[in-house]
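*Asks:* Chains as they are written, first to last, in this note's numbering: chain A, 1 to 211; chain B, 1001 to 1211. All C-beta atoms in this analysis are idealised placements derived from N, C-alpha and C, irrespective of residue type, glycine included. Owing to the predicted nature of the structure, the values given are computational and were not obtained by experimental measurement.
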């Protein structure tokens, strides 16, 4: 298969130096790209700013903002059979980005934000027979948000986790996730290295791709 | 000498996942810590969130926010002969940090910010005979801002750079800086690896410490 994976955070700049971002390190998405390439798939990895080496055999495209990532996904999607949106895309961006560094005393204490487009929702009309996998990283039980996203975005699979759970979440090498798919009971996985979680997700995609 | 170095960005969280930050990678500060330790000094390195290994022989304290960094500097300063503030401390932080992840639709499109304390200005009353070194990373010519900081914060040295200059600034292994000290002409240094810039700064500190 041709598998498109997104990973890492996005950065939403308010000037050339400062940005809004989040704690994603990209480890889960890079593990998925590595696992997929290891199983013989052609993998394109669209990565936000992370400090990780490109997995062997993977084509990597670096982006900064949510709008950059959306554009890269839209370009790559036509050639792909599956999209795994493991990036932690910023929901909001500053309304304006200054061309030069803002002075401390020149900053507005009310930073105006505008919502970013939802990438999965935006590319939903191009889904066709592709397998679409989303993520729900929540503080606390992610089940409600996972079920909402599954329906709202017409996804095939949601990988959900509570980032405050022991061994789970951001900046760790392990994860504790539950898989949510339409019409089936949630499938909780035990605490595993992210690369093993990635293997499960890639095998799930292989099993659910109708070509 | 006992040298205290700060490095990297700070992160100013609006919830457990999202934060305001900046493009600092910590490379300049880590190079200063490495150079100082290599010259036989006892070095304490207070680091914001970065993806760098601790230089050999350096005592490292990891922090997240500007307020964390200020507290760590205040604790370490009494035992130190010099303070090198190479961290890119966030000027502003969100007025509130939510205890759980904010929902996209629950976020306020006007993010209220409050100014962070200036660390060098806050610890200025404890300066005594210590050497205080500041940084001015600007987009464009940093001379005006460097001279302003030198006077306003009663510093011994400002290391200034234009982060938009070729080979200079954030996320690079080289830098082009100019040294500003009271009563002397600015001293521009050529494009050099950050470790060589660090050597020059450490030797400047050694030459200007009156013990």
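Do you know whose CA, among A:5, A:23, A:3, A:1, lies nearest residue 171 (chain A)'s CA?
*Replies:* Within the first chain, numbered from 1, the residue matching residue 171 (chain A) stands at position 171. Checked all of A:5, A:23, A:3, A:1; the closest Cα to residue 171 (chain A) is A:23.
*Asks:* Which residues, in chain order, does the region 6-20 of chain A contribute to contact with chain B at a C-beta distance below 7 Å?
*Replies:* The residues in question are 16, 17, 18, 19, 20.
*Asks:* Within the chosen definition, does the region 1189-1200 of chain B reach the region 1116-1126 of chain B through at least 3 CB pairs nearer than 8 Å?
*Replies:* With a cut-off of 8 Å, the region 1116-1126 of chain B and the region 1189-1200 of chain B do not count as touching, because too few Cβ pairs lie within range.
*Asks:* Note down the Cα distance separating residue 1137 (chain B) from residue 123 (chain A), rounded to an integer number of angstroms.
*Replies:* Residue mapping note: residue 1137 (chain B) aligns to position 137 of the second chain, counting from 1. Residue mapping note: residue 123 (chain A) aligns to position 123 of the first chain, counting from 1. Approximately 40 Å, taken between the alpha carbons.
*Asks:* Classify residue 12 (chain A) as buried or exposed, calling it buried when 16 or more other Cβ atoms lie within 10 Å of its own Cβ.
*Replies:* Counting from one through the first chain, the residue named residue 12 (chain A) turns up at place 12. Under this definition residue 12 (chain A) is a buried residue.
*Asks:* Could you give the first and the last residue of the continuous alpha helix (DSSP H) run that contains residue 197 (chain A)?
*Replies:* The sequence position of residue 197 (chain A) within the first chain is 197, counting from 1. That run of the alpha helix (DSSP H) goes 194-208.
*Asks:* With a Cβ-Cβ cutoff of 7 Å, do residue 1158 (chain B) and residue 1129 (chain B) count as a contact?
*Replies:* Against the second chain, residue 1158 (chain B) aligns to sequence position 158. Against the second chain, residue 1129 (chain B) aligns to sequence position 129. Taking 7 Å as the Cβ cut-off, residue 1158 (chain B) and residue 1129 (chain B) do not qualify as a contacting pair.
*Asks:* At which residue ranges does the region 1016-1048 of chain B contain complete alpha helix (DSSP H) runs of 4 or more residues, listed in the order of the chain?
*Replies:* With a minimum length of 4 residues, the continuous alpha helix (DSSP H) runs that stay inside the region 1016-1048 of chain B are 1027-1038.
*Asks:* Taking residue 1005 (chain B) as part of the beta strand (DSSP E), name the residues at either end of that continuous run.
*Replies:* Mapped onto the second chain, residue 1005 (chain B) falls at position 5. It spans 1002-1007 - the beta strand (DSSP E) in which residue 1005 (chain B) sits, taken as one unbroken run.
*Asks:* Would the beta-carbon of residue 5 (chain A) fall within 7 Å of that of residue 89 (chain A)?
*Replies:* Counting from 1 along the first chain, the entry for residue 5 (chain A) is found at position 5. Counting from 1 along the first chain, the entry for residue 89 (chain A) is found at position 89. Not a contact, by the Cβ cut-off of 7 Å.
*Asks:* What would DSSP say about residue 130 (chain A), mapped onto helix, strand or coil?
*Replies:* Within the first chain, numbered from 1, the residue matching residue 130 (chain A) stands at position 130. In the structure shown, residue 130 (chain A) sits in coil (DSSP, three-state: anything other than H, G, I, E or B).
*Asks:* List the whole-angstrom C-beta distance separating residue 149 (chain A) from residue 174 (chain A), where the pair is believed to meet the contact cut-off of C-beta under 8 Å.
*Replies:* As a working mapping, residue 149 (chain A) is identified with position 149 in the first chain. As a working mapping, residue 174 (chain A) is identified with position 174 in the first chain. At roughly 23 Å, the Cβ-Cβ gap does not stay under 8 Å, so residue 149 (chain A) and residue 174 (chain A) are not in contact.
*Asks:* Against chain B, does residue 196 (chain A) count as a neighbour if the rule is that its beta carbon must be under 7 Å from one of theirs?
*Replies:* Your numbering for residue 196 (chain A) matches position 196 in the first chain. Residue 196 (chain A) does not count as touching chain B.
*Asks:* Please tell me whether residue 110 (chain A) has its Cβ less than 7 Å away from any Cβ of chain B.
*Replies:* Start at 1 with the first residue of the first chain, and residue 110 (chain A) comes out as number 110. Yes, because at least one Cβ of chain B sits closer than 7 Å to the Cβ of residue 110 (chain A).
*Asks:* On a Cα-Cα basis, can you pick out the residue from B:1145, B:1036, B:1081 that is closest to residue 1126 (chain B)?
*Replies:* Working through the second chain from its first residue, we reach residue 1126 (chain B) at position 126. Among B:1145, B:1036, B:1081, the Cα nearest to that of residue 1126 (chain B) belongs to B:1081.
*Asks:* With 7 Å set as the bound, which would you pick, yes or no: does the beta-carbon of residue 92 (chain A) sit closer than that to a beta-carbon of chain B?
*Replies:* Taking the first chain and counting its residues from 1, the one referred to as residue 92 (chain A) is at position 92. True, the Cβ-Cβ gap to chain B drops below 7 Å.
*Asks:* Going straight from the alpha carbon of residue 1131 (chain B) to that of residue 1162 (chain B), what length do you get?
*Replies:* Within the second chain, the letter at position 131 stands for residue 1131 (chain B). Within the second chain, the letter at position 162 stands for residue 1162 (chain B). In a straight line, the C-alpha of residue 1131 (chain B) is about 24 Å away from that of residue 1162 (chain B).
*Asks:* Taking the straight line between their C-alpha atoms, what separation do you get for residue 1052 (chain B) and residue 183 (chain A)?
*Replies:* Residue 1052 (chain B) sits at position 52 when you count from the first residue of the second chain. Residue 183 (chain A) sits at position 183 when you count from the first residue of the first chain. Distance between the alpha carbons of residue 1052 (chain B) and residue 183 (chain A): 45 Å.
*Asks:* Residues of chain B with CB closer than 8 Å to the CB of residue 107 (chain A), please, in chain order.
*Replies:* On the first chain, residue 107 (chain A) is found 107 positions in, with the first residue counted as 1. Ordered by position in chain B, the residues that pass the 8 Å Cβ test against residue 107 (chain A) are 1091, 1092, 1113.
*Asks:* Which first and last residues belong to the alpha helix (DSSP H) in which residue 73 (chain A) is found?
*Replies:* As a first step, residue 73 (chain A) is located in the first chain; it is residue number 73 there, counting from the start. Start and end: 66-76.
*Asks:* Decide if the region 38-58 of chain A is in contact with the region 91-111 of chain A; the criterion is three or more beta carbon pairs, one per stretch, under 8 Å apart.
*Replies:* Judged by Cβ distances under 8 Å, the region 38-58 of chain A makes no contact with the region 91-111 of chain A, as fewer than three pairs qualify.
*Asks:* Which residues share a DSSP beta bridge with residue 1119 (chain B)?
*Replies:* Within the second chain, the letter at position 119 stands for residue 1119 (chain B). Answer by DSSP bridge pairing: none, since residue 1119 (chain B) is not bridged.
*Asks:* Do residue 86 (chain A) and residue 3 (chain A) have their C-beta atoms within less than 7 Å of each other?
*Replies:* Indexing the first chain from 1 puts residue 86 (chain A) at position 86. Indexing the first chain from 1 puts residue 3 (chain A) at position 3. No, they are not a contact pair.
*Asks:* Could you tell me whether any non-hydrogen atom of the ligand MN is closer than 6 Å to the CB of residue 147 (chain A)?
*Replies:* The ligand MN is absent from the structure shown, which contains no ligand whatsoever.
*Asks:* Could you tell me whether the Cβ of residue 153 (chain A) comes closer than 7 Å to any Cβ of chain B?
*Replies:* Position 153 of the first chain holds residue 153 (chain A). Not an interface residue.
*Asks:* Using DSSP with H/G/I as helix, E/B as strand and the rest coil, what is residue 1138 (chain B)?
*Replies:* Within the second chain, the letter at position 138 stands for residue 1138 (chain B). DSSP places residue 1138 (chain B) in strand when its eight states are reduced to three.
*Asks:* Using the three-state DSSP reduction, which class does residue 1124 (chain B) fall into: helix, strand or coil?
*Replies:* What you label residue 1124 (chain B) is simply residue 124 of the second chain in a count that begins at 1. DSSP places residue 1124 (chain B) in helix when its eight states are reduced to three.
*Asks:* How many angstroms separate the CA atom of residue 57 (chain A) from the CA atom of residue 36 (chain A)?
*Replies:* For the purposes of this step, residue 57 (chain A) is taken as residue 57 along the first chain, with counting starting at 1. For the purposes of this step, residue 36 (chain A) is taken as residue 36 along the first chain, with counting starting at 1. Whole-angstrom Cα-Cα distance: 10 Å.
*Asks:* Does DSSP put residue 145 (chain A) in a helix, in a strand, or in coil?
*Replies:* Within the first chain, the letter at position 145 stands for residue 145 (chain A). Helix, per DSSP.
*Asks:* Excluding sequence positions up to five away, which residues of its chain have a Cβ less than 8 Å from the Cβ of residue 1189 (chain B)?
*Replies:* Numbered from 1 along the second chain, position 189 holds the residue referred to as residue 1189 (chain B). Taken in chain order, the residues that qualify are 1176, 1177, 1178, 1179, 1197, 1200.
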